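Per my numbering, numbering of the sequence shown is gapless, rising by one per residue and ending at 222.
Every residue, glycine too, gets a C-beta built ideally from N, C-alpha and C.
From a predicted model like this one, the values you see are computed outputs, not experimental measurements.
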Amino acid sequence: MKRFKQLVLSGTIFTMVACPTVFAEESSLTIDEAYQTKLEEVYEEELSDYIEMEYPAVFSYSLHDIDQNGIEELILLEDSIVKHVYTFDEEKEEVVFLEDLSAPFTYRNYILITEDGFIFRSGSNGAASGLYSGYKIEENGVEVEELYKFLWDYSVNSDKPYYKLDDPETFYTESEFLELVDSRYFVTEQDNMVEFESMELDYPIKDFPRVDDSPLSEGEKD
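Following this line, the structure appears as C-alpha coordinates:
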(Lines of atoms letter the chains of each structure in order from A and count residues from 1; the text may use other names and numbers.)
(Lines give C-alpha, C1' and ligand atoms only; values in the text may rest on other atoms or scores of the structure.)
Protein backbone atom coordinates (compact mmCIF):
# COMPACT_ATOMS: atom_id res chain seq x y z
CA MET A 1 0.00 0.00 0.00
CA LYS A 2 1.44 3.35 -1.01
CA ARG A 3 2.61 5.86 1.56
CA PHE A 4 -0.25 8.04 2.70
CA LYS A 5 -0.04 11.79 3.09
CA GLN A 6 -1.02 14.10 5.92
CA LEU A 7 -1.45 11.39 8.53
CA VAL A 8 -0.15 11.78 12.07
CA LEU A 9 -0.18 9.81 15.30
CA SER A 10 -2.82 10.84 17.78
CA GLY A 11 -1.47 11.61 21.22
CA THR A 12 -4.32 10.10 23.20
CA ILE A 13 -3.97 6.84 25.12
CA PHE A 14 -6.54 4.34 26.30
CA THR A 15 -6.43 1.10 28.21
CA MET A 16 -6.53 -1.68 25.67
CA VAL A 17 -7.81 -5.18 26.28
CA ALA A 18 -5.52 -7.75 24.70
CA CYS A 19 -7.23 -10.45 22.71
CA PRO A 20 -6.19 -13.38 20.55
CA THR A 21 -5.94 -12.58 16.88
CA VAL A 22 -5.12 -16.13 15.74
CA PHE A 23 -7.84 -18.60 14.83
CA ALA A 24 -7.79 -22.35 15.20
CA GLU A 25 -5.12 -24.21 13.24
CA GLU A 26 -7.45 -25.05 10.35
CA SER A 27 -8.00 -21.33 9.62
CA SER A 28 -5.54 -19.56 7.34
CA LEU A 29 -6.86 -16.02 7.99
CA THR A 30 -6.13 -13.85 11.02
CA ILE A 31 -8.16 -10.88 12.19
CA ASP A 32 -5.16 -8.63 11.63
CA GLU A 33 -4.88 -9.76 8.01
CA ALA A 34 -8.61 -9.25 7.41
CA TYR A 35 -8.54 -5.79 8.99
CA GLN A 36 -5.44 -4.84 7.01
CA THR A 37 -7.26 -5.65 3.77
CA LYS A 38 -10.33 -3.68 4.87
CA LEU A 39 -8.21 -0.69 5.86
CA GLU A 40 -6.60 -0.62 2.43
CA GLU A 41 -10.00 -0.91 0.74
CA VAL A 42 -11.45 2.00 2.71
CA TYR A 43 -8.43 4.14 1.91
CA GLU A 44 -8.66 3.47 -1.82
CA GLU A 45 -12.46 3.74 -2.06
CA GLU A 46 -13.28 6.52 0.42
CA LEU A 47 -10.28 8.41 1.79
CA SER A 48 -7.66 8.74 -0.92
CA ASP A 49 -9.48 11.56 -2.72
CA TYR A 50 -9.82 13.60 0.49
CA ILE A 51 -6.14 13.14 1.31
CA GLU A 52 -4.94 13.93 -2.20
CA MET A 53 -6.93 17.18 -2.32
CA GLU A 54 -5.49 18.09 1.09
CA TYR A 55 -8.77 17.95 2.96
CA PRO A 56 -8.10 19.55 6.38
CA ALA A 57 -8.52 16.45 8.53
CA VAL A 58 -6.39 13.68 9.99
CA PHE A 59 -7.57 10.14 9.22
CA SER A 60 -6.32 7.31 11.42
CA TYR A 61 -7.36 3.96 12.89
CA SER A 62 -7.49 2.19 16.23
CA LEU A 63 -8.30 -1.25 17.62
CA HIS A 64 -10.55 -1.65 20.66
CA ASP A 65 -12.71 -4.46 22.02
CA ILE A 66 -15.93 -2.47 22.47
CA ASP A 67 -18.11 -5.31 23.79
CA GLN A 68 -15.26 -7.13 25.56
CA ASN A 69 -15.91 -10.43 23.80
CA GLY A 70 -12.27 -11.07 22.93
CA ILE A 71 -12.42 -9.60 19.42
CA GLU A 72 -11.10 -6.11 18.83
CA GLU A 73 -13.11 -3.84 16.58
CA LEU A 74 -11.40 -1.87 13.81
CA ILE A 75 -12.24 1.80 14.31
CA LEU A 76 -11.56 4.52 11.74
CA LEU A 77 -11.29 8.09 12.97
CA GLU A 78 -11.38 11.56 11.49
CA ASP A 79 -9.61 14.10 13.71
CA SER A 80 -9.92 11.66 16.66
CA ILE A 81 -13.69 11.33 16.09
CA VAL A 82 -15.03 7.82 15.48
CA LYS A 83 -16.49 7.48 11.98
CA HIS A 84 -16.49 3.80 10.96
CA VAL A 85 -16.64 0.67 13.13
CA TYR A 86 -15.90 -2.86 11.89
CA THR A 87 -15.84 -6.19 13.69
CA PHE A 88 -14.89 -9.72 12.69
CA ASP A 89 -17.25 -12.68 12.29
CA GLU A 90 -15.23 -15.71 13.37
CA GLU A 91 -17.68 -18.23 11.94
CA LYS A 92 -17.72 -16.68 8.47
CA GLU A 93 -14.16 -15.35 8.73
CA GLU A 94 -15.12 -11.97 7.32
CA VAL A 95 -15.08 -8.33 8.32
CA VAL A 96 -18.50 -6.91 9.24
CA PHE A 97 -19.29 -3.21 8.85
CA LEU A 98 -21.40 -2.04 11.82
CA GLU A 99 -23.35 0.57 9.90
CA ASP A 100 -25.47 1.75 12.85
CA LEU A 101 -22.26 2.59 14.74
CA SER A 102 -20.76 4.50 11.84
CA ALA A 103 -21.08 7.95 10.33
CA PRO A 104 -20.06 9.41 6.95
CA PHE A 105 -16.62 10.96 6.71
CA THR A 106 -16.52 14.79 6.56
CA TYR A 107 -20.13 15.17 7.82
CA ARG A 108 -21.15 16.95 11.03
CA ASN A 109 -21.78 13.88 13.12
CA TYR A 110 -19.82 11.71 15.46
CA ILE A 111 -19.79 8.53 17.53
CA LEU A 112 -18.62 8.26 21.13
CA ILE A 113 -17.87 5.00 22.95
CA THR A 114 -17.74 4.29 26.68
CA GLU A 115 -15.56 1.74 28.44
CA ASP A 116 -18.64 -0.34 29.31
CA GLY A 117 -19.58 -0.70 25.64
CA PHE A 118 -22.24 1.98 25.20
CA ILE A 119 -22.13 3.72 21.82
CA PHE A 120 -23.62 7.18 21.37
CA ARG A 121 -24.25 8.65 17.93
CA SER A 122 -25.10 12.25 17.14
CA GLY A 123 -25.88 13.86 13.81
CA SER A 124 -26.91 17.36 12.85
CA ASN A 125 -28.91 18.71 9.93
CA GLY A 126 -27.99 22.25 10.89
CA ALA A 127 -28.40 24.47 13.92
CA ALA A 128 -32.06 23.62 14.49
CA SER A 129 -32.38 19.86 14.02
CA GLY A 130 -30.52 16.59 14.41
CA LEU A 131 -30.50 13.08 15.80
CA TYR A 132 -29.37 11.35 19.00
CA SER A 133 -29.19 7.56 19.27
CA GLY A 134 -27.64 4.94 21.56
CA TYR A 135 -26.50 1.37 20.88
CA LYS A 136 -24.86 -1.75 22.27
CA ILE A 137 -23.29 -4.61 20.34
CA GLU A 138 -25.39 -7.75 20.77
CA GLU A 139 -24.07 -10.95 22.37
CA ASN A 140 -23.33 -12.53 18.99
CA GLY A 141 -20.76 -9.78 18.46
CA VAL A 142 -21.77 -8.91 14.90
CA GLU A 143 -25.19 -7.27 15.30
CA VAL A 144 -26.20 -4.03 16.97
CA GLU A 145 -29.01 -3.35 19.45
CA GLU A 146 -30.61 0.08 19.24
CA LEU A 147 -31.31 1.38 22.74
CA TYR A 148 -33.00 4.60 21.68
CA LYS A 149 -33.29 6.99 18.77
CA PHE A 150 -34.48 10.56 19.21
CA LEU A 151 -34.73 13.42 16.77
CA TRP A 152 -34.78 17.06 17.76
CA ASP A 153 -36.15 19.98 15.80
CA TYR A 154 -36.48 23.43 17.33
CA SER A 155 -38.21 24.74 14.21
CA VAL A 156 -41.16 22.40 14.86
CA ASN A 157 -41.44 22.78 18.64
CA SER A 158 -39.02 25.11 20.40
CA ASP A 159 -40.26 24.23 23.93
CA LYS A 160 -40.34 20.46 23.37
CA PRO A 161 -37.96 19.77 20.49
CA TYR A 162 -37.30 16.07 21.16
CA TYR A 163 -39.34 13.16 19.80
CA LYS A 164 -38.89 9.46 19.13
CA LEU A 165 -38.37 8.38 15.56
CA ASP A 166 -41.22 5.87 15.83
CA ASP A 167 -43.55 8.36 17.59
CA PRO A 168 -43.24 11.76 15.87
CA GLU A 169 -46.42 13.11 17.47
CA THR A 170 -45.15 13.06 21.08
CA PHE A 171 -42.67 15.78 22.02
CA TYR A 172 -40.42 16.06 25.07
CA THR A 173 -38.56 18.79 26.89
CA GLU A 174 -34.81 18.37 27.35
CA SER A 175 -35.24 17.21 30.97
CA GLU A 176 -37.85 14.65 29.91
CA PHE A 177 -35.57 13.49 27.13
CA LEU A 178 -32.61 13.07 29.49
CA GLU A 179 -34.74 11.01 31.86
CA LEU A 180 -35.90 8.74 29.04
CA VAL A 181 -32.35 7.99 27.88
CA ASP A 182 -30.91 7.67 31.39
CA SER A 183 -29.06 11.00 31.08
CA ARG A 184 -26.76 9.55 28.42
CA TYR A 185 -27.64 11.78 25.49
CA PHE A 186 -24.29 13.53 25.66
CA VAL A 187 -21.67 10.97 26.55
CA THR A 188 -18.77 13.42 26.75
CA GLU A 189 -20.15 14.45 30.13
CA GLN A 190 -19.30 10.98 31.48
CA ASP A 191 -15.92 10.00 32.91
CA ASN A 192 -15.68 6.57 31.26
CA MET A 193 -15.10 7.61 27.68
CA VAL A 194 -12.65 5.50 25.69
CA GLU A 195 -9.59 7.53 24.70
CA PHE A 196 -8.27 5.86 21.57
CA GLU A 197 -4.64 5.40 20.68
CA SER A 198 -4.84 5.95 16.95
CA MET A 199 -2.24 5.18 14.32
CA GLU A 200 -1.43 6.37 10.82
CA LEU A 201 -3.41 4.54 8.15
CA ASP A 202 -0.24 3.01 6.74
CA TYR A 203 0.92 1.68 10.11
CA PRO A 204 0.67 -2.16 9.92
CA ILE A 205 -2.21 -3.52 11.95
CA LYS A 206 -0.10 -6.51 13.03
CA ASP A 207 2.22 -4.03 14.79
CA PHE A 208 -0.55 -2.10 16.56
CA PRO A 209 0.59 -1.74 20.20
CA ARG A 210 -1.26 -4.06 22.57
CA VAL A 211 -0.85 -4.11 26.34
CA ASP A 212 0.12 -7.79 26.12
CA ASP A 213 1.36 -9.21 22.83
CA SER A 214 1.50 -12.76 24.14
CA PRO A 215 -1.50 -13.99 22.06
CA LEU A 216 0.51 -13.28 18.92
CA SER A 217 2.94 -15.94 17.85
CA GLU A 218 6.48 -14.96 16.96
CA GLY A 219 5.72 -16.01 13.40
CA GLU A 220 2.93 -13.44 13.14
CA LYS A 221 5.07 -10.66 14.53
CA ASP A 222 7.67 -11.11 11.78
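*Given 8 Å as the limit, is there contact between the stretch 111-129 and the stretch 54-61, that is, 3 or more CB pairs closer than that?*
The stretch 111-129, when compared against the stretch 54-61, does not touch it at the 8 Å Cβ threshold.
*Verify whether the separation of the beta carbon atoms of Leu74 and Leu63 is less than 9 Å.*
Inclusion of Leu74 and Leu63 in the CB contact set at 9 Å is warranted, their separation being smaller than that value.
*Would DSSP call Asp49 helix, strand or coil?*
Under the three-state reduction of DSSP, Asp49 is assigned to helix.
_For the alpha helix (DSSP H) containing Lys38, name the first residue and the last one._
For Lys38, the enclosing alpha helix (DSSP H) begins and ends at Ile31 to Val42.
*Close Cβ partners of Lys136 (< 8 Å) along its chain, the five nearest in sequence each way excluded*: Cβ within range, chain order: Asp67, Gly117, Phe118, Ile119, Val144, Glu145 and Leu147.
*On the premise that Glu200 lies in contact with Ser60, defined as a C-beta separation below 8 Å, what is that separation, rounded to the nearest angstrom?*
Right, the Cβ-Cβ distance comes to about 6 Å (below 8 Å), so this counts as a contact.
*Closest to Trp152 by CA distance: which of Tyr172, Asn140 and Val142 is it?*
When Tyr172, Asn140 and Val142 are compared, the shortest CA-CA separation from Trp152 is found for Tyr172.
*Please classify Leu201: does DSSP put it in a helix, a strand, or coil?*
Leu201 falls in the coil class under three-state DSSP.
*Can you tell me the Cα-Cα spacing of Phe88 and Arg210, whole angstroms?*
Going by C-alpha positions, Phe88 is about 18 Å away from Arg210.
*Length-filtered (4 minimum) alpha helix (DSSP H) runs lying within the stretch 117-202*: For the stretch 117-202, whole alpha helix (DSSP H) runs of length 4 or above, ordered along the chain, are 174-180.
*In chain order, what residues of the same chain lie with their CB nearer than 8 Å to the CB of Ala34, ignoring the 5 residues before and after it?*
Excluding sequence positions up to five before and after Ala34, its CB lies within less than 8 Å of the CB of Phe88, Glu93, Glu94 and Val95, all in the same chain and listed in chain order.
*asked:* Out of Glu179, Ile71, Ile51 and Asn109, which one is the CA nearest neighbour of Ile81?
replied: In terms of CA proximity to Ile81, Asn109 leads the group Glu179, Ile71, Ile51 and Asn109.
*Might you give, ordered along the chain, the residues of its own chain that have their beta carbon closer than 6 Å to the beta carbon of Lys206, omitting 5 neighbours on each side?*
These residues qualify, in order along the chain: Asp32.
_Helix, strand or coil at Glu99 according to DSSP, with G and I counted as helix_ = Reduced to three states, the DSSP call for Glu99 is helix.
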